[in-house]
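Heads up: the structure comes next, in structure tokens.
Numbering (our numbering), first residue to last: 55 to 189.
Structure, rendered in structure tokens:
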């Protein structure tokens with residue numbers, strides 16, 4: 055495996071010690087490093103992470119901005135293309151009865167095109183979309 059795409063859930067868990075998956079997230083990122091697997095961070099992941107940190111109580115805008123900068127600096131930023139977005143929109147139509155987000159559908163489309171796995175704690179939704187989940 056050459057790279058994994060990052061979902062928001064493990065990044066959020068990494069920076070929030072109160073998150074139930076905090077230790078698991080740290081261990082998975084250590085494993086990526088140990089195995090020499092490159093982590094690609096889609097822009098939608100950074101945007102969603104920033105939004106979560108800025109809106110969840112207790113809100114701390116300075117911390118939210120710093121964490122977004124960390125994610126942009128620490129991982130390889132990847133941008134969705136128009137084709138990724140078209141595929142994500144088709145996924146949302148196909149699974150209209152599910153609580154899938156455009157962010158998740160876009161990440162799944164991006165990883166699928168690269169033949170990459172996704173590092174996520176949301177196995178249900180990504181599995182539903184046919185994504186290969188890392189870990």
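A virtual CB, placed ideally from N, CA and C, is assigned to each residue, including glycine.
**Q.** Any beta strand (DSSP E) of 3 or more consecutive residues that is wholly inside the region 64 to 89
**A.** none
(Q) Quick check: what's the CA-CA separation for residue 105 versus residue 118? (A) Indexing the chain shown from 1 puts residue 105 at position 51. Indexing the chain shown from 1 puts residue 118 at position 64. Cα to Cα, the separation comes out at about 8 Å.
Q | Cβ neighbours of residue 150 in the same chain (closer than 8 Å, five flanking residues each side left out) | A | Against the chain shown, residue 150 aligns to sequence position 96. Here the set comprises nothing.
Q) Given 8 Å as the limit, is there contact between the region 158 to 176 and the region 137 to 146, that is, 3 or more CB pairs closer than that? A) yes
Q. For residue 160, which of helix, strand or coil comes out of DSSP?
A. In the chain shown, the residue the question calls residue 160 occupies position 106. Note: residue 160 maps to helix in three-state DSSP.
Q: Measure the C-alpha to C-alpha separation of residue 56 and residue 72 and round it to an integer number of angstroms.
A: Numbered from 1 along the chain shown, position 2 holds the residue referred to as residue 56. Numbered from 1 along the chain shown, position 18 holds the residue referred to as residue 72. So the two alpha carbons sit approximately 31 Å from each other.
Q. Which residues bound the beta strand (DSSP E) around residue 135?
A. Reading the chain shown from its first residue, position 81 is the one you call residue 135. Counting along the chain, residue 135 falls outside any beta strand (DSSP E), and DSSP gives it neither H nor E.
Q) Would DSSP call residue 96 helix, strand or coil? A) The count along the chain shown starts at 1 and reaches residue 96 at position 42. In this structure, residue 96 counts as strand in the three-state DSSP scheme.
Q) Would the beta-carbon of residue 92 be found less than 7 Å away from any heavy atom of the ligand ATP? A) Among the components of this structure there are no ligands whatsoever, and the ligand ATP is therefore not found.
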